[in-house]
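Numbering (numbering that gives the first Met the number 0), first residue to last: 0 to 190. The C-beta atom is built at its ideal place from N, Cα and C for all residues, glycine as well. Keep in mind that this is a model prediction, so the values were computed, not measured.
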Amino acid sequence: MGVTLTAKPLTKANFAPYGSVIERYEACEQNADNTYEINNGYAVRHHALAESKLDGGSVGMSIFRAKKRENPIALSVMEYHPLGTQAFVSMEGQDYIVVVAKAGVPPQSADDLAVFYAKSHQGVQYDANVWHHPLLALGRDSDFLVIDRINGEGNNCYEIDITDWHVFIELKGECNYSQFKIKLLWSGQIS
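And the structure:
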């Protein structure tokens, strides 16, 4: 059995069921409360693009170096964090792929996955309990600023292995919203 999904452009509306997109407000979204000049007019603040939430612990910033994935990309694991949000912001000017599934019951097959094409100027913040695949860097090894819960008690990372689903992302065509497609080849389902 095969499943083909098209990567959706990463927009605030498309990604809302899973979390927040971290990018400047568009002109139509700007108002006096969320976009304003600071530093004597030498900077514009795009305020409160995402809000970190956590249960205990503290907010920390780390850098993850994601290794470039070879084409086709084999999906291997989905994970979620019950005790806080987790944000990723590209530091390398590289586009990347985001694979998610709704919070709650673990995804059962490729049909439960949503795939997004993230441009280099966009970050994502996963809501607590949202299933997601680890970083999928395109083109080269890439550094990401990660903002998430550190310290604190309790397990904040749960994973399921999906290698036996045999799901691959095949990169075809140019990497832009109108032409980029991801083909997921899938057989089997979680037992």
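Cβ distance (whole Å) where residue i is taken to contact residue j below 8 Å
i	j	result
residue 9	residue 116	6 Å
residue 152	residue 55	6 Å
residue 155	residue 82	4 Å
Residue i (DSSP reduced to helix, strand or coil)
i	result
residue 142	strand
residue 117	strand
residue 109	helix
residue 11	helix
residue 40	helix
residue 65	strand
residue 50	coil
residue 163	helix
residue 100	strand
residue 28	helix
residue 6	coil
Residue i and residue j closer than 8 Å at C-beta
i	j	result
residue 29	residue 84	no
residue 128	residue 103	yes
residue 140	residue 52	no
residue 96	residue 137	yes
residue 161	residue 74	yes
residue 88	residue 21	yes
residue 211	residue 163	No information on residue 211 is available, as it lies outside the stretch 0 to 190 that the chain covers here.
Exposure label - residue i; buried when at least 16 CB within 10 Å
i	result
residue 77	buried
residue 19	buried
residue 40	exposed
residue 31	exposed
residue 65	buried
residue 26	exposed
residue 147	buried
Rounded C-alpha distance that separates residue i from residue j
i	j	result
residue 36	residue 91	27 Å
residue 120	residue 135	16 Å
residue 58	residue 131	20 Å
residue 144	residue 6	23 Å
residue 33	residue 42	14 Å
residue 15	residue 72	25 Å
residue 60	residue 98	22 Å
residue 106	residue 38	46 Å
residue 86	residue 126	9 Å
residue 118	residue 13	14 Å
residue 108	residue 101	12 Å
residue 23	residue 171	29 Å
residue 93	residue 133	16 Å
residue 11	residue 165	30 Å
residue 17	residue 112	11 Å
residue 50	residue 44	15 Å
beta-carbon residue i near the ligand GDP non-hydrogen atom, thresh 7 Å
i	result
residue 12	Only the bare structure without any ligand can be found here, which leaves the ligand GDP out of the picture.
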